[in-house]
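Student: Taking our numbering, the leading residue of the sequence shown gets 12, the next gets one more, and so forth. Even for Gly, the Cβ is constructed at its ideal location relative to N, Cα and C. Source: prediction; values computed, not measured. Structure in structure tokens, see below.
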Amino acid sequence: MLTMPPSRRSRWIALLVSTAVSLLIAEAGLRIAGVSNPNFYGPDPVRGWALRPEAHGRWTKEGDAEVRINRDGLRDDEHPVARPAGEVRIAVLGDSCVEALQVPAEATFSAILEQELARCPAVGGRRVEVLNFGVSGYGTAQELLTLQHQVWKYDPGLVLLAFYSGNDVRNNWRPLELDPMRPYLMPQPDGSLTVDDSFLQTEGYRFRQTGVARLLYGAFDHSRLLQLAKQAKTAADGLVGAWR
């Protein structure tokens, strides 16, 4: 049986220890410097992706805000599903403009709307809840699916759609969007719409459903070093693509 000489074994142990210490120092340095690039999203079988329930982190890419996703995958406080009697409940659908990772939760326009309506005499002192269903990157096809599969159970009295003409039309049309990871609504000869959910068969989506991917999501949630490495890889992929 071959055994490693003590001197070589000591060198390997020293290398492993020094590497671990270096990584810990780098992690601590990134945290002290406030470097953070969290990922709040995960795969969704209806909409392609969605906010991951109970994900949290500090968003600094644009703006600076602590972000927490609630148990139902909303960038919002926890809300009872059943609407209390007499409550004014409003649901807001939209993309990153509604989700608003760039500002604290109390500064999102859905939160401000809730605050202002609560002071409105026309409400008559009733409790007001405005639920934020915004998700970055969504087009109106995904927002319709969100309405059908997530919003209605909250029994809102009013639903608002924040439409952004800069990209919401493009998001809905595959020839313009060229994004295989989202669903598209396909018009039929009889005027109805069917959902093209072929994203479910893509390699990227299937991987995101694996146990390995779930472990990676957890690791990225807790490591600023891994977040930075992922950000660097994404930037490098973009540069390579630009030169192809």
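Determine the DSSP secondary structure at D232, reduced to helix, strand or coil.
Tutor: Three-state result, D232: helix.
Student: For A37, which residues from the same chain have a beta carbon less than 7 Å from its beta carbon, with the 5 sequence-adjacent residues on both sides left out?
Tutor: Correct list, in chain order: L236.
Student: Which same chain residues, not among the five before or five after E154, have their C-beta less than 6 Å away from its C-beta?
Tutor: Closer than 6 Å at the Cβ level, and outside the excluded window around E154, lie L104.
Student: Thinking C-alpha only, which one of Q199, G229, K244 and L239 is nearest H67?
Tutor: The candidate whose alpha carbon is nearest that of H67 is G229.
Student: Just list the beta strand (DSSP E) runs in the segment 158-215, keeping only unbroken ones of 3 residues or longer that don't cross its boundaries, in chain order.
Tutor: Those beta strand (DSSP E) runs which fall completely within the segment 158-215 and span 3+ residues are 169-172, 195-198 and 204-207.
Student: Can you check DSSP and say which residues form a bridge with L142?
Tutor: Looking at the DSSP assignment, L142 forms a beta bridge with A102.
Student: I need the boundaries of the alpha helix (DSSP H) containing P95, first residue and last residue.
Tutor: It is not in any alpha helix (DSSP H) - P95 carries neither H nor E in the DSSP assignment.
Student: How is E73 classed by DSSP in three states: helix, strand or coil?
Tutor: E73: coil per DSSP, three-state reduction.
Student: Counting C-beta neighbours from all protein chains within 10 Å, is the total for G97 16 or more, i.e. buried, or is it exposed?
Tutor: Label assigned to G97: exposed.
Student: How close, in whole Å, do the beta carbons of R69 and P95 come, if the pair is a contact with beta carbons under 8 Å?
Tutor: With 8 Å as the limit, R69 and P95 do not qualify as a contact, their Cβ atoms being about 33 Å apart.
Student: With DSSP collapsed to three states, give me the class of L62.
Tutor: L62: strand per DSSP, three-state reduction.
Student: Does V46 come out as helix, strand or coil in the three-state DSSP assignment?
Tutor: The answer is coil: DSSP assigns V46 none of H, G, I, E or B.
Student: Under a three-way DSSP split, which group does V32 fall into?
Tutor: In this structure, V32 counts as helix in the three-state DSSP scheme.
Student: Report the partner residues of D55 according to the DSSP bridge assignment.
Tutor: Answer is G59.
Student: Rounded to the nearest angstrom, what separates A142 and L35 at their Cα positions?
Tutor: Rather than Ala, the amino acid found at residue 142 in this sequence is Leu. Cα-Cα distance, rounded: 39 Å.
Student: Considering only their Cβ atoms, is the gap separating M192 from G59 smaller than 9 Å?
Tutor: Going by C-beta atoms, G59 is nearer than 9 Å to M192.
Student: With burial defined as no fewer than 16 other Cβ atoms inside 10 Å of the residue's Cβ, what is the status of S121: buried or exposed?
Tutor: Counting Cβ neighbours within 10 Å, S121 comes out buried, since at least 16 surround it.
Student: Between the Cα of Q126 and the Cα atoms of A133, W23, V139 and T157, which residue gives the shortest distance?
Tutor: Q126 has its Cα closest to that of V139, out of A133, W23, V139 and T157.
Student: Should D106 go down as buried or exposed, given a rule of 16 or more other Cβ atoms within 10 Å for buried?
Tutor: When all chains shown are included, D106 counts as buried.
Student: Within its chain, find whatever has a CB closer than 6 Å to the CB of V168; leave out the 5 residues flanking it on each side and keep chain order.
Tutor: At residue 168 the sequence reads Gly, which differs from the Val that was named. Cβ neighbours of G168 beyond the five flanking positions: R100.
Student: Work out the CA separation of L226 and R217 for me, nearest whole Å.
Tutor: Each residue's alpha carbon lies about 15 Å from the other.
Student: Does G40 come out as helix, strand or coil in the three-state DSSP assignment?
Tutor: Looking at G40 - three-state DSSP - the assignment turns out to be helix.
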